[in-house]
Amino acid sequence: MSTLTWSETLAVNQADMDDTHREFVELLAEVEHALDEDHESVGDSFQRFLAHTEAHFAQEERWMARIGFAPENCHAFQHRHVLDVLREVRTVIGTTGDAQILRRLVAELAQWFPAHAQMMDQALAETMSAVGLDPSTGTMANPPSPQQEAITGCGSSSCS
Ligand SMILES: [Fe+2]
Ligand SMILES: [Fe+2]
Numbered sequence: 666m667s668t669l670t671w672s673e674t675l676a677v678n679q680a681d682m683d684d685t686h687r688e689f690v691e692l693l694a695e696v697e698h699a700l701d702e703d704h705e706s707v708g709d710s711f712q713r714f715l716a717h718t719e720a721h722f723a724q725e726e727r728w729m730a731r732i733g734f735a736p737e738n739c740h741a742f743q744h745r746h747v748l749d750v751l752r753e754v755r756t757v758i759g760t761t762g763d764a765q766i767l768r769r770l771v772a773e774l775a776q777w778f779p780a781h782a783q784m785m786d787q788a789l790a791e792t793m794s795a796v797g798l799d800p801s802t803g804t805m806a807n808p809p810s811p812q813q814e815a816i817t818g819c820g821s822s823s824c825s
């Protein structure tokens with residue numbers, strides 16, 4: 666069984682984000698499966714996971730920019746840190762030809778993701794709901810006031 670599996674405790678109740686997060690969990694499970702059962706496909710599985718994660722984070726950051734987050738906010742900072750690690754791992758695998766480093770990465774991402782989803786992505790989903798953002802068109806039913814300062818935290822109550 667995969668280290669990280671989807672459950673409703675991961676849901677943030679924003680349909681696009683939840684769909685993307687289900688795919689994140691599935692693609693991570695494919696990497697893990699390849700490590701255990703199908704070594705030939707590990708590189709491709711990891712590349713699919715990385716490309717999906719780049720698009721996943723970029724999508725959330727477009728929504729953040731749309732609803733008044735500053736470019737430098739702690740949610741986007743956490744995304745950048747994770748992508749730096751994923752790209753570094755890709756380089757290590759390319760250099761050494763040894764994909765076993767992915768075992769540790771899968772375990773760490775399985776720990777990191779639920780906390781990220783429940784705190785930062787949940788806060789983003791709630792802020793999107795508050796401003797009435799339609800993710801497909803970018804329109805907002807209740808846009809923030811132009812005078813409102815850009816949000817530099819992630820918007821969750823535990824974020825200072
Ligand atoms: Fe996310
Ligand atoms: Fe996120």
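Residue numbering for the sequence shown is 666 to 825, as defined by this note's numbering.
Virtual Cβ for every residue (Gly too), placed ideally from N, Cα, C.
The structure displayed is predicted, hence computed values, not measured ones.
Reference residue i, options the options, closest by Cα
{"i": "Q812", "options": "D786, V747 and G733", "result": "G733"}
{"i": "T792", "options": "A723, G818 and R769", "result": "G818"}
{"i": "Q787", "options": "Q679, V707 and G803", "result": "Q679"}
{"i": "L692", "options": "E705, Q712, D681 and R731", "result": "Q712"}
{"i": "M805", "options": "V771, E814, P779 and A730", "result": "A730"}
{"i": "L798", "options": "A735, G762, W728 and A782", "result": "W728"}
Beta carbon proximity, residue i to chain C, threshold 8 Å
{"i": "A676", "result": "Any reference to chain C falls outside this structure, which holds one protein chain only."}
Near ligand 2: residue i beta-carbon under 7 Å from a heavy atom
{"i": "D786", "result": "yes"}
{"i": "E725", "result": "yes"}
Residue i CB to nearest heavy atom of ligand 1 below 7 Å
{"i": "H721", "result": "yes"}
{"i": "M682", "result": "yes"}
Rounded Cβ spacing between residue i and residue j (contact assumed at less than 8 Å)
{"i": "E719", "j": "L748", "result": "7 Å"}
{"i": "V707", "j": "L700", "result": "6 Å"}
{"i": "P800", "j": "D703", "result": "Going by Cβ atoms, the distance from P800 to D703 rounds to 35 Å, so no, they are not a contact pair."}
So, does the segment 722-730 touch the segment 751-758, judging by three or more C-beta pairs under 8 Å?
no
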